[in-house]
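As structure tokens, the structure follows; a few thoughts come after it.
Residue numbers (this note's numbering): 567 to 1010.
This is the structure in structure tokens:
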């Protein structure tokens, strides 16, 4: 088995990826990692070699290797699975978007609310830039690994997964999980005075727009949703969650800032001016220090062990290797918050919709849950998904889809759509250095 790791965020994820592959999964594999920076190539290679030696010593017969190189084509050659976790100068480009959306007069707020990461105008521009990168990657994959499974972690996940699928690849996505965070299932459990493992929950919707549809005590079967909805009505999960319960008949779960990105402007919600993309500078310095320590000291010495423990303490709850192995092995598995084509998972939505929910595999085959959504929520999800589908098509250079996306995106309700067409045209031109598939000279 060969696994290709592509994208700027891969070094951050590497400790968890190797742990899930070699220790939890006990999978012999050739791992290839693209890294353009020569100094970082050495850091990652030394670190990976130590982890692989330790895994081989613990598991007789395990054969694994890591090859770090600057050649993407070499990384992809013959890959059975591609894990993509990248972005296109995300923080810099987001700042450009925000400045372009700001008003020009002192009393003119402009469209600053639309400076978003995943939804609205900002999310559209993010999708277009990601689409360029992903489609370039897909062209190489068509030559080097045309049958590869893709696990996509690039934001906006629902749209980037669709770009891969439109290019002909079997792709699943993993974004920020609704199990963690301020309104995540873990926080809900704490408010209810229990542990997450004591809860049986149904969470489904769209990527970044997931809702809690049922909640019960896993031990007794008692329905806990009425108790939770009472807490929501008392604003114990915030004003936005209370408002959306009234609108959609379900409790928004996960970071509510994700939900707000796909909706019209909320008077009591202001998008972050400087959202974080990946590691901070300090976190990157610490990670490199710890990886160097593991690479130099190994895991036999306490200093190396401690550095590895610190690296693993930062492992995200999103586990792409777990998902990849279950699919490639044809195994039984239940993996939460997986983005994929609907195909009956949520029967209230079109089969082509890109949904997020628990993925149940039996013998590697997907078993749909047939989860029903409240009607108002289903209608909103369908509108959001339609805009996301058009954004993914626009990323491939379809200017009509770009125009239609601006016309139908529910995040733009209440705004002058003709004016927005001009705004998007100017922003496409502003990013012309990375948006080669769209003709910057042509108006929408």
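Built from N, CA and C at the ideal position, the CB exists for glycine as well. Keep in mind the model is a prediction, meaning the values are calculated, not measured.
Same chain, Cβ closer than 8 angstroms to residue i, five either side skipped, listed in chain order
i: residue 698; result: 654, 961, 1000, 1001, 1002 and 1003
i: residue 710; result: 639, 642, 643, 644 and 645
i: residue 614; result: 580, 584, 597, 599, 632 and 634
i: residue 664; result: 678, 681, 688 and 839
Neighbourhood of residue i by C-beta distance below 6 angstroms, restricted to the same chain and skipping five residues each side
i: residue 736; result: 715
i: residue 873; result: 856, 859 and 860
i: residue 571; result: 599 and 649
i: residue 810; result: 818
i: residue 629; result: 594
i: residue 932; result: none
Inter-residue spacing [alpha-carbon to alpha-carbon] between residue i and residue j
i: residue 656; j: residue 762; result: 33 angstroms
i: residue 901; j: residue 882; result: 15 angstroms
i: residue 746; j: residue 752; result: 6 angstroms
i: residue 569; j: residue 886; result: 11 angstroms
i: residue 895; j: residue 622; result: 21 angstroms
i: residue 846; j: residue 791; result: 38 angstroms
i: residue 903; j: residue 966; result: 32 angstroms
i: residue 849; j: residue 619; result: 26 angstroms
i: residue 573; j: residue 796; result: 43 angstroms
i: residue 704; j: residue 693; result: 16 angstroms
i: residue 988; j: residue 884; result: 38 angstroms
Helix, strand or coil at residue i according to DSSP, with G and I counted as helix
i: residue 739; result: strand
i: residue 902; result: strand
i: residue 801; result: coil
i: residue 759; result: coil
i: residue 960; result: helix
Pair within 8 angstroms by beta-carbon distance, residue i and residue j
i: residue 816; j: residue 781; result: no
i: residue 905; j: residue 740; result: yes
i: residue 750; j: residue 676; result: no
i: residue 742; j: residue 958; result: no
i: residue 668; j: residue 993; result: no
i: residue 927; j: residue 921; result: no
i: residue 684; j: residue 575; result: no
i: residue 889; j: residue 738; result: yes
i: residue 636; j: residue 607; result: yes
i: residue 929; j: residue 893; result: no
i: residue 813; j: residue 942; result: yes
Own chain, CB closer than 7 angstroms to residue i, minus 5 neighbours either side, in chain order
i: residue 593; result: 567, 587 and 891
i: residue 854; result: 609
i: residue 533; result: Outside the shown range of the chain, which is 567 to 1010, sits residue 533, and nothing can be said about it.
i: residue 899; result: 892 and 927
Problem - Segment contact flag, the stretch 640-652 with the stretch 703-721, C-beta cutoff 8 angstroms, min 3 pairs - result: yes
Practice task
Evaluate the contact criterion for the stretch 828-839 versus the stretch 781-790: three or more CB pairs, one atom per stretch, below 8 angstroms.
Solution key: no
Exercise for the section: Count the CB pairs spanning the stretch 934-950 and the stretch 791-809 that are closer than 8 angstroms, and state whether there are at least three. Expected result: no
Handout entry: Validate contact between the stretch 924-942 and the stretch 956-971 using beta carbons, cut 8 angstroms, 3 pairs
Key = no
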